[in-house]
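A quick write-up on the structure given underneath.
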Amino acid sequence: MSYPEPRYFGEHGEINASFRPATAEPEFVAKPVGADADDPRATSYHYLSTTASTGGEYGLYRVDMGPESTGPSTHFHKAISESFFILSGTMRLFDGERWINATSGDYLYVPVGGLHAFRNESGEPASMLMLFAPGAPREGYFEGLPELASLSEEERREFVLRHDSFFV
1 MSYPEPRYFG EHGEINASFR PATAEPEFVA KPVGADADDP RATSYHYLST
51 TASTGGEYGL YRVDMGPEST GPSTHFHKAI SESFFILSGT MRLFDGERWI
101 NATSGDYLYV PVGGLHAFRN ESGEPASMLM LFAPGAPREG YFEGLPELAS
151 LSEEERREFV LRHDSFFV
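Residue 168 is where the sequence shown ends in the UniProt record's numbering, and the numbering goes up by one at each step.
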């Protein structure tokens, strides 16, 4: 395997990096349906690198899940791969065959079409990095999740298909 073809043709490089401190507030917080503003089961999404900011190369998100937070049921993607890197706590990851208690430093790569799911059943907060490649507008998916319960069956089906999510 070789390096990809060059896409930058300058001679001296550019000053174009972006920095995000760990203390930055999350861009989006999803609360369980009917929960109050301080519900500890909330899930916070930190948009570290979006498809817009990387020119479609990848999307990188930090996901902080409160205790007993649910995640998506088993699904797959037809256009993107997904990776999970556990920063802290214990996340339950499904690799298509079995559920794994993943802890700090554990990593799961899910190729395009791979069955997977995740959730936090530990009773304690947990945090992970999620990487999608190539980049996809996942922010719309995350921000639309709290509204799913109020959508019709057809609207829900359209929402998940629009966001390359195929549930089994």
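We treat Cβ as the ideally placed atom computed from N, Cα and C, and that holds for glycine.
Distances from the alpha-carbon of D39 to those of R62, A30, V112 and Y45 put A30 closest.
Rounded to whole angstroms, the Cβ separation of S127 and V63 is 7 Å, and the two are in contact under 8 Å. Counting along the chain, V110 sits inside no alpha helix (DSSP H); it lies in the beta strand (DSSP E) bounded by residues Y107 to V110. Following the DSSP letters along the chain, one finds L161 inside the alpha helix (DSSP H) bounded by residues E153 to R162. Put simply, of E27, T103, T50 and F142 the residue whose alpha carbon is nearest the alpha carbon of S18 is T50. In the structure shown, the three-state DSSP call for A22 is coil.
Rounded to the nearest angstrom, the gap between the Cα atoms of I86 and L148 is 27 Å. Under the DSSP definition of a beta bridge, R119 partners with R92. Distance from the Cα of F159 is smallest, within the candidate group P26, Y141, S150 and V168, for Y141.
Residue nearest to Y45 within the set L129, E153 and A136 is L129 (criterion: CA-CA distance). The Cβ neighbour count for M91, taken over all protein chains shown within 10 Å, is at least 16; the residue is labelled buried. In chain order, L108 and H116 place their CB closer than 7 Å to the CB of D95, counting only its own chain and leaving out the 5 sequence neighbours on each side.
For F142, the uninterrupted alpha helix (DSSP H) run begins and ends at R138 to G144, by DSSP. The shortest CA-to-CA distance from V110 to any of K78, R20 and N101 is the one to K78.
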